[in-house]
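Heads up, the thing below is written out as C-alpha cells.
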Amino acid sequence: MTPRRVASAERGLTLAGSETSAEGAADEPDPIAPVPAGILRLHAGDSAATPIGAAAEEFRARCFPGASAAEWNDWRWQLRNRVRNLQGLDRTLRLSAEERVAVERLGDRLPVGITPYYTALLDALDPADPLRRTMVPVLGEFEEAPGEAADPLNEDGHMPVPGLVHRYPDRVLFLVTSFCATYCRYCTRSRLVGTTGEYHFNQEQYQRALDYIAGQPQIRDVLISGGDPLTMQDARIEWLLQRLRDIPHVEFVRMGSKVPAVLPQRITPELCSVLRRYQPWVSVHFMHPDELTPEVAHACGMLVDHGIPLGSQTVLLKGVNDDPQTMRRLMQGLLRIRVRPYYIYQCDPIPGSGHFRTAVATGLDIVRALRGHTTGYAVPSFVIDAPGGGGKVPIAPDTVVGWEDGFLLVRNFEGQVFRYPDPAGPVR
Ligand code: SF4
Numbered sequence: 002m003t004p005r006r007v008a009s010a011e012r013g014l015t016l017a018g019s020e021t022s023a024e025g026a027a028d029e030p031d032p033i034a035p036v037p038a039g040i041l042r043l044h045a046g047d048s049a050a051t052p053i054g055a056a057a058e059e060f061r062a063r064c065f066p067g068a069s070a071a072e073w074n075d076w077r078w079q080l081r082n083r084v085r086n087l088q089g090l091d092r093t094l095r096l097s098a099e100e101r102v103a104v105e106r107l108g109d110r111l112p113v114g115i116t117p118y119y120t121a122l123l124d125a126l127d128p129a130d131p132l133r134r135t136m137v138p139v140l141g142e143f144e145e146a147p148g149e150a151a152d153p154l155n156e157d158g159h160m161p162v163p164g165l166v167h168r169y170p171d172r173v174l175f176l177v178t179s180f181c182a183t184y185c186r187y188c189t190r191s192r193l194v195g196t197t198g199e200y201h202f203n204q205e206q207y208q209r210a211l212d213y214i215a216g217q218p219q220i221r222d223v224l225i226s227g228g229d230p231l232t233m234q235d236a237r238i239e240w241l242l243q244r245l246r247d248i249p250h251v252e253f254v255r256m257g258s259k260v261p262a263v264l265p266q267r268i269t270p271e272l273c274s275v276l277r278r279y280q281p282w283v284s285v286h287f288m289h290p291d292e293l294t295p296e297v298a299h300a301c302g303m304l305v306d307h308g309i310p311l312g313s314q315t316v317l318l319k320g321v322n323d324d325p326q327t328m329r330r331l332m333q334g335l336l337r338i339r340v341r342p343y344y345i346y347q348c349d350p351i352p353g354s355g356h357f358r359t360a361v362a363t364g365l366d367i368v369r370a371l372r373g374h375t376t377g378y379a380v381p382s383f384v385i386d387a388p389g390g391g392g393k394v395p396i397a398p399d400t401v402v403g404w405e406d407g408f409l410l411v412r413n414f415e416g417q418v419f420r421y422p423d424p425a426g427p428v429r
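Okay, structure coming up:
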C-alpha cells in the first residue's frame with residue numbers, strides 16, 4: 002500500500018460497495034453486446050492471468066470488497082463496474098467542491114467513465130493528482146477560449162464515408178466505435194466518444210468504409226481507432242482485421258488504444274491470438290509513469306510476445322506530465338516494458354481545454370531535456386496536429402546553427418557547436 006493510499010484509508014472514506022452493472026446501457030453503445038449477424042464468435046472465456054498490483058489490491062478490498070480476484074481480472078467486470086457518476090466517484094474518491102459542481106453540470110458533455118482498475122491509481126484525496134486530473138471533470142471544461150473547436154482537426158470535413166478520415170494520400174483513420182474504457186477529459190474526439198451522436202458504428206458503416214478503402218489503391222496504411230477498438234469483442238476485432246487484410250494494397254494496419262493502460266485485463270491470450278493472426282501494430286496512449294504498473298507491464302509483455310509492435314502516444318498536459326522529469330520517467334519506463342515512445346502531442350484545442358494546454362515552449366524544453374540525455378529510443382517526436390486538418394507537424398528544438406565555409410554548424414545536447422563538412426551548403 003502506498004503512503005497516500007494508507008492516508009486515504011486512515012481518513013475513513015466511505016468506500017464500501019460497488020457500482021451496479023446496469024449503468025451505461027442507456028446512453029452508450031454496449032461493447033459487450035452480441036456481435037452483428039455474420040460475425041463468427043470465435044473464442045470463449047478469458048484468462049485471469051493478469052497480476053493484481055498492490056494499489057489495485059488495496060483498492061479492491063476497500064471499494065469492491067465483494068469482488069473476487071477472478072472478477073477483478075475479468076475485463077467485462079471492469080467495464081460493467083466503471084465509475085460513471087457522482088455516486089461512483091463518491092464511493093471511490095473524496096471530491097473537491099469544484100469537481101462535484103463540474104460533474105453535476107456535465108449534462109450531455111463527455112461523460113465520466115473510469116475502470117475500477119484505473120480508479121485505484123488515482124489519489125483518492127488529492128484533486129491535483131496527475132491521473133485524477135485526466136479523469137475527473139473540473140470547471141475549466143466549461144470555459145471556452147478563442148481558437149477552440151469541437152472538431153479541431155476537421156476530421157468530419159475529411160470523411161468520404163462516415164467514420165473514415167482520409168487526410169493523407171496513403172493513410173486513413175478508421176473510426177470503429179465511440180466507446181472507451183475510460184473517458185479522458187482532454188480527448189480530441191470528445192465530440193463523438195461516449196455518445197452515439199451522429200455516428201453509427203455498425204456493420205453497414207464498417208462495410209462502406211471497407212468498400213471505400215478497397216476502391217482506393219493508394220491507401221496502404223489503415224489506423225483503426227475510435228473510441229477504443231480494443232474494447233470491442235474479439236470476434237468483431239477479428240472480423241475487421243480480416244476484412245482489411247483481404248484488401249491487397251493495405252500493407253500496414255495500426256490500432257490506437259488506451260486499453261493496455263486503463264484496462265490491462267483486456268489483453269487476454271485469446272485477444273493476443275487474434276492480433277497475432279493479423280499482425281497490426283498498436284499505438285498505446287500513456288500519460289504518466291504512475292500508469293506503468295505490474296498489470297500494464299504484463300499486458301504489454303503479452304502483446305509484444307505475440308509479435309505486436311507497440312508504440313506510445315502521450316498528450317502534453319499542464320499539471321499532468323509537463324515537466325522533463327515526469328516525461329523522462331515515463332519514456333524510460335515505457336522502454337522497460339518494450340513500448341517504443343512515438344509521439345508527444347501538443348494538446349488539441351477542444352472546447353474547455355485551456356486548463357490543460359501548455360505553452361509549446363514547454364514541449365520543446367522537454368524534448369531538449371530528453372534528447373542526448375537519455376536513450377534515443379526514449380525520445381519521441383513532439384508534434385502539433387495542425388488545426389483545420391493540416392496533419393502532424395513535428396516541432397523540434399533548433400539544432401542547426403547555420404553554414405560556414407563548407408561546414409554545417411550543429412548544436413549538441415549540451416549546447417556546444419560542432420562543424421560537419423557539408424560542401425553543398427544550405428542548398429535545398
Ligand atoms: S481513450 Fe482515447 S478516444 Fe477514448 S476518451 Fe481517451 S483519448 Fe479519447
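Sequential numbering from 2 applies to the sequence shown in the numbering used here.
Even glycine gets a Cβ: it sits at the ideal position worked out from N, Cα and C.
Proximity of residue i and residue j at Cβ, strictly below 8 angstroms
i: residue 210; j: residue 165; result: yes
i: residue 178; j: residue 229; result: yes
i: residue 260; j: residue 182; result: yes
i: residue 377; j: residue 339; result: no
i: residue 371; j: residue 384; result: no
i: residue 53; j: residue 70; result: yes
i: residue 121; j: residue 56; result: yes
i: residue 125; j: residue 94; result: yes
i: residue 337; j: residue 290; result: no
i: residue 172; j: residue 220; result: yes
i: residue 351; j: residue 189; result: yes
i: residue 123; j: residue 132; result: yes
i: residue 309; j: residue 283; result: yes
i: residue 194; j: residue 158; result: no
i: residue 79; j: residue 51; result: no
i: residue 356; j: residue 141; result: yes
i: residue 231; j: residue 258; result: yes
i: residue 413; j: residue 364; result: no
i: residue 1; j: residue 64; result: This structure leaves residue 1 out entirely; the chain is present only between 2 and 429.
Identity of the residue in the options nearest residue i by Cα
i: residue 296; options: 183, 67, 264 and 248; result: 264
i: residue 368; options: 359, 382, 358 and 356; result: 382
i: residue 99; options: 258, 137, 116 and 65; result: 137
i: residue 1; options: 272, 214 and 271; result: Outside the modelled stretch of the chain, which goes from 2 to 429, sits residue 1, for which no answer is possible.
i: residue 404; options: 114, 423 and 238; result: 423
i: residue 318; options: 288, 343, 299 and 73; result: 288
i: residue 311; options: 426, 273 and 359; result: 273
i: residue 196; options: 180, 186 and 206; result: 180
i: residue 208; options: 233, 184, 240 and 187; result: 240
i: residue 361; options: 97, 316 and 139; result: 316
i: residue 298; options: 357, 96 and 266; result: 266
i: residue 306; options: 269, 244 and 58; result: 269
i: residue 234; options: 68, 427, 77 and 64; result: 77
i: residue 146; options: 114, 374 and 354; result: 354
i: residue 218; options: 66, 170, 236 and 118; result: 170
i: residue 128; options: 341, 97, 155 and 191; result: 97
i: residue 426; options: 415, 406 and 419; result: 406
i: residue 304; options: 411, 119, 421 and 271; result: 271
i: residue 444; options: 238, 212, 262 and 236; result: This structure cannot settle anything about residue 444, because the visible part of the chain is limited to 2 through 429.
i: residue 242; options: 118, 175 and 408; result: 175
Element boundaries [beta strand (DSSP E), containing residue i]
i: residue 345; result: 341 to 347
i: residue 313; result: 311 to 317
i: residue 119; result: First-last for residue 119: 117 to 120, but that is the alpha helix (DSSP H), not the beta strand (DSSP E).
Endpoints, the alpha helix (DSSP H) within which residue i is located
i: residue 356; result: Where residue 356 is concerned, there is no enclosing alpha helix (DSSP H), given that its DSSP letter is neither H nor E.
i: residue 243; result: 235 to 246
i: residue 299; result: 295 to 306
i: residue 212; result: 204 to 215
i: residue 72; result: 70 to 73
i: residue 277; result: 270 to 279
i: residue 472; result: Beyond the ends of the chain as shown, which are 2 and 429, falls residue 472; an answer cannot be given.
i: residue 106; result: 98 to 106
i: residue 140; result: Where residue 140 is concerned, there is no enclosing alpha helix (DSSP H), given that its DSSP letter is neither H nor E.
i: residue 266; result: Segment: none, residue 266 is in no alpha helix (DSSP H) and carries neither H nor E.
i: residue 94; result: Careful: residue 94 lies outside any alpha helix (DSSP H) and carries neither H nor E.
Cross-strand partners of residue i (DSSP beta bridge)
i: residue 387; result: 392
i: residue 421; result: 409
i: residue 257; result: 284
i: residue 175; result: 165 and 225
i: residue 382; result: 344
i: residue 372; result: 375
i: residue 67; result: Note: residue 67 sits in no beta bridge, so no partner.
i: residue 404; result: 409
i: residue 1; result: It is not possible to answer for residue 1, since the shown part of the chain is limited to 2 through 429.
Near the ligand COA: residue i beta-carbon under 7 angstroms from a heavy atom
i: residue 201; result: Absent from the structure shown: the ligand COA. Ligands present: the ligand SF4.
Contact the stretch 279 to 288 vs the stretch 247 to 257: 3+ CB pairs below 8 angstroms
yes
Okay, do the stretch 150 to 159 and the stretch 86 to 95 touch, 3+ Cβ pairs below 8 angstroms being the bar?
no
Pair every Cβ in the stretch 384 to 398 with every Cβ in the stretch 320 to 332, then say whether three or more of these pairs are closer than 8 angstroms.
no
Three or more C-beta pairs below 8 angstroms linking the stretch 391 to 409 and the stretch 347 to 365:
yes
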